Amino acid sequence: MESNDSSVDSCYVHIFSSAEIWITSIAYVIIIIASVIGNCLVTWVVYSSPLMRTPSHYFIVNMAVADLLITVFGMPVAAREQIISTDAIDFGGIRGEIYCKMLEYTKDVSISCSILTLVAIATDRFCATLIPFKRLITLTKAKVMMFLIWIVSLVVTIPLLVVANVIEYENNKFFCYEDWTVFHDLGASKMEHSYTIALFIILYAAPLVIISILYGAVIRKIWKRKIPGQTTHSGRQMQQRTKKKVLKIFMTVVVCFMACWLPYHVILFTYNFDCYPPINLWFFARFLGHTNSSITPWIYIIYGRDYRLGAKRILKKVLGKADPLPSFCNRSVQIPSNLPDINASNLNNVTLKTFTNKI
622 MESNDSSVDS
632 CYVHIFSSAE
642 IWITSIAYVI
652 IIIASVIGNC
662 LVTWVVYSSP
672 LMRTPSHYFI
682 VNMAVADLLI
692 TVFGMPVAAR
702 EQIISTDAID
712 FGGIRGEIYC
722 KMLEYTKDVS
732 ISCSILTLVA
742 IATDRFCATL
752 IPFKRLITLT
762 KAKVMMFLIW
772 IVSLVVTIPL
782 LVVANVIEYE
792 NNKFFCYEDW
802 TVFHDLGASK
812 MEHSYTIALF
822 IILYAAPLVI
832 ISILYGAVIR
842 KIWKRKIPGQ
852 TTHSGRQMQQ
862 RTKKKVLKIF
872 MTVVVCFMAC
882 WLPYHVILFT
892 YNFDCYPPIN
902 LWFFARFLGH
912 TNSSITPWIY
922 IIYGRDYRLG
932 AKRILKKVLG
942 KADPLPSFCN
952 RSVQIPSNLP
962 DINASNLNNV
972 TLKTFTNKI
């Protein structure tokens, strides 16, 4: 979802200073590495642990895959534009048109899938916490939901696939742009503005409202729930610490989503209603949106015990420092997430390590 300006004025050549180029390049290298490592670790942890193949973990892997696609198809292109100070490409014609359509469409589908998966995760946590004795979202239902997420993402971004095109501007420079004149029968300008508003609602405003409501209800339920037998001062302190930890995860996910994507959508609005902010502001908004893909997996790795231990185990294995204990001594027993008290104290499923696993 790049700027939807359909005129050639959206093709630019803006010369950045050496400092800006260096800073931007280093920043993109950092978030690309963080995204690749983080999302691959999250996927690997779930894949390597049969006990983590649950709906919530599947949703997290689905989002990790979408974030990896954003990393592959979105971030390198954005970094290149910063370094060479233009969004021009080296070829036009049919090859250029196919390139522009597939590049833009893949990025937009990935962004849509990532955001909608956040809603699915919030829904799963809501059902598991407020209706703990009945697993409403089974593994089969989770797979169906993920399939629908990708279908919805593919469908809502079809207009962008249609309007994405290539144009030769000057001096044999070719640019990807959005040609909304293909909808001239419906009114190109009206169609462009309406679609921008619809995308904002579907891929930002509505998900944010839904996520906030669902997590708000979960936090409220957890905060009010009392753990039986914990009447001592130390018990109450432990209960408070648990509540704060869960609250931190919920609020981190919501705030990260809101903060990273708000500037991006605001810039899209300004572009589509004939107000053009400085190009540096557009680059910053897009960079911030890309940053979300690198931050999200690390939220789960840092705050989620299962992911943290799994990531450590994988890194030790990769570095040749695997646990010398036999595999049967390092097993974990998983407690179902639909137990009320366990589910109140952990965002993810809880594991109990056997006495032989001292690490």
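Numbering (the working numbering), first residue to last: 622 to 980.
We put the beta carbon where it would ideally sit given N, CA and C, even for glycine.
Here the structure is a predicted model, which is why all the values come from computation and not from measurement.
Item                                                                                                                                   : Value
Does Trp903 pass the burial test, meaning 16 or more other C-beta atoms within 10 Å, or should it be called exposed?                   : buried
Rounding to the nearest angstrom, what Cα-Cα distance links Lys842 and Cys797 in this structure?                                       : 49 Å
Throw me the rounded Cβ distance for the Asn660 and Ala685 pair, which I believe falls under 8 Å.                                      : 4 Å
What residue range is occupied by the uninterrupted alpha helix (DSSP H) comprising Tyr825?                                            : From DSSP, Tyr825 is part of no alpha helix (DSSP H); its letter is neither H nor E.
Answer with buried or exposed for Thr912, where buried requires no fewer than 16 other C-beta atoms within 10 angstroms of its C-beta. : buried
Return yes when the Cβ of Tyr928 is within less than 8 Å of the Cβ of Ala906, no when it is not.                                       : no
From the DSSP output, in three-state form, read off Tyr798 for me.                                                                     : strand
My guess is that Thr692 and Val740 are in contact by the Cβ rule of under 8 Å, so how many angstroms apart are they, rounded?          : So it is not a contact: roughly 21 Å between Cβ atoms.
Count the other CB atoms within 10 Å of the CB of Ile779; is the residue buried (16 or more) or exposed (fewer)?                       : exposed
Can the beta-carbon of Val787 be found closer than 8 Å to that of Gly717?                                                              : yes
Name the one or two DSSP bridge partners that Ile788 has.                                                                              : Phe796
Tell me the DSSP secondary structure of Gln955 in three-state form.                                                                    : Below a pLDDT of 50, predicted positions are generally treated as unreliable, and Gln955, at 42, falls in that range; no measurement from the model is reported.
Out of curiosity, what's the CA-to-CA distance linking Ser733 and Val776?                                                              : 10 Å
Return yes when the Cβ of Thr675 is within less than 8 Å of the Cβ of Leu760, no when it is not.                                       : yes
If we ignore side chains and look at the alpha-carbon of each, how far apart do Trp882 and Tyr825 end up?                              : 8 Å
Cα separation between Tyr924 and Lys866?                                                                                               : 8 Å
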